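These notes are about the structure you will find just below.
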Amino acid sequence: MGAVWLAIAPLFFLCAIVDYFDRGPDAMALFLSGVAIAVTGLLTLYLSQFPSSLPLKSLFAALVCGALSALVAVTVAHFVTGVTPTFDSSLAEGAATITGTNSSTINPEQLSLGMLLFRALGQWLGSAALIVVLVRISPHLGVGGLDADGGVSTRSARRLAPKSGSTMARLLLLYVSLTVLLLIAYFSAGMPFVDSVLHCLTTVSSGGFSSRSGSIGAFNSGAIEWVAISGMLIAGTSLPLIFRALRRGDLRRFTRSIEFRTYIGLVVAAVVAALAWSGNWPKADEVRETIFAVASAVSTTGFVAHDLNSISYGAEAVLLVLSFLPIGK
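The working numbering numbers the first residue of the sequence shown as 1162 and each following residue consecutively.
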């Protein structure tokens, strides 16, 4: 728990600095919360005893405690800044942040820049932490992840490097690189720089938080929507598969991967089905809107570009089914 709080404390300080220079109202609250989290983490580490090895049961417990510690820290940030009026709503927003779930009742346009960045980075770091868990912890638990033999990309992940630490570093570097590329793409498509920073973080993490109440649709730009579509589809693709394909310069790895072919096949089938249920010959804009909705659902990102109330019941059913499929990193 102490290690998790110490790792999260810099997030508070960074967002406090950003909010201070933006003259936002949450700089002091974020800074003091960060200090409290860091001090608590130091005290917890000082008072704790660390065994040389952990049995399986203790490893499970440590993983759960780490997740709960992160939840507590993020919940505190929402509560002390006044973003949410009650502790239970702060808890819900905190859970949505660390799990990368686009489930929020907050109007993002009423948030300070510091809190917008805090929430976006929270989702981004949550997905990064998932990579660490899959590489370093899951094999010891025997519950799958990168140690499983179920998928082609999963088996290849274990051969990325001889040691799990090197594997983790390479996957995290790829994760950061994809984030930077999305930032450049959003900005080049016409999205303001600050919005580009926030959206690249929540796109690559499949988190879905936005700086606008209308999500991606608020920018009213087809180019930005295509960037978001590309980012969401990449976010739903296996990172180990992407790494090996790029490292070897062998893009045919994607076509040889049963997992990837199934993934793209589902996307294409869902788009065709949704368009067929519309009853009319689709226009170019309608095709883009449908692809966007399908990409958002299948990657569980949850971005919105257009009014979903205007689509047919059949298309709604397709999107609902896609959102339940176990697709992602």
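All C-beta atoms in this analysis are idealised placements derived from N, C-alpha and C, irrespective of residue type, glycine included.
Computed from a prediction, not measured in an experiment: that's the story for all the values here.
Annotation: the continuous alpha helix (DSSP H) that includes residue 1449 extends over 1445-1459. Annotation for residue 1246: no alpha helix (DSSP H) segment contains it, and DSSP assigns it neither H nor E.
Between the stretch 1367-1384 and the stretch 1405-1423, the count of Cβ pairs shorter than 8 Å is below three; the stretches do not touch. Annotation: the continuous alpha helix (DSSP H) that includes residue 1356 extends over 1354-1365. Cβ atoms of residue 1235 and residue 1255 come within 8 Å of each other, at about 4 Å. With the rule of 3 Cβ pairs closer than 8 Å, the stretch 1444-1463 counts as touching the stretch 1387-1396. Contact check for residue 1253 and residue 1279: beta-carbon distance about 16 Å, past the 8 Å limit, so the pair fails to qualify.
Annotated as distal: residue 1363 and residue 1271, with beta-carbon spacing of 8 Å or more. Excluding five sequence positions before and after residue 1183, the CB atoms of its chain that fall closer than 8 Å to its own CB belong to 1273, 1274 and 1275, given in chain order. Distance check between residue 1353 and each of 1170, 1468, 1369 and 1373 places 1373 closest, using alpha-carbon atoms only. Membership of residue 1392 in the alpha helix (DSSP H) is indicated by the continuous run 1383-1396. Sixteen is the threshold: since fewer than 16 other Cβ atoms of the shown chains lie within 10 Å of the Cβ of residue 1200, the residue is exposed. Assignment of residue 1472 by DSSP, reduced to helix, strand and coil, places it in the coil class. Note on residue 1166: 16 or more other CB atoms within 10 angstroms of its CB, so buried under the neighbour-count rule. Here the C-alpha atom of residue 1191 lies approximately 8 Å from the C-alpha atom of residue 1241. Straight across, the Cα-Cα distance linking residue 1329 with residue 1404 is about 12 Å.
For residue 1422, the three-state secondary structure derived from DSSP is helix. For the 8 Å CB-CB criterion, residue 1451 and residue 1482 do not form a contact. Taken through DSSP and simplified to helix, strand or coil, residue 1162 comes out as coil.
The DSSP-derived three-state label of residue 1180 is helix. Going by beta carbons, residue 1333 and residue 1289 fall inside the 8 Å limit. In the three-state reduction of the DSSP assignment, residue 1239 falls in the helix class. Annotated as distal: residue 1243 and residue 1162, with beta-carbon spacing of 8 Å or more.
By the neighbour-count definition (other C-beta atoms within 10 Å, threshold 16), residue 1247 is an exposed residue.
Here residue 1341 is exposed: its Cβ has fewer than 16 other Cβ atoms, across all protein chains shown, within 10 Å. The residue from 1266, 1327 and 1471 with its alpha-carbon nearest to that of residue 1296 is 1327. The C-beta distance from residue 1370 to residue 1357 rounds to 14 Å, too long to meet the 8 Å contact threshold. Annotation for residue 1173: 1191, 1194 and 1195 place their beta carbon closer than 6 Å to its own, counting only its chain and skipping 5 residues before and after. Around the Cβ of residue 1245, a 10 Å sphere holds 16 or more other Cβ atoms; the residue is buried. Counting C-beta atoms within 10 angstroms of its own C-beta, residue 1345 has fewer than 16 neighbours from the protein chains shown and is therefore classed as exposed. If you draw a straight line from the Cα of residue 1176 to the Cα of residue 1277, it comes to about 9 Å.
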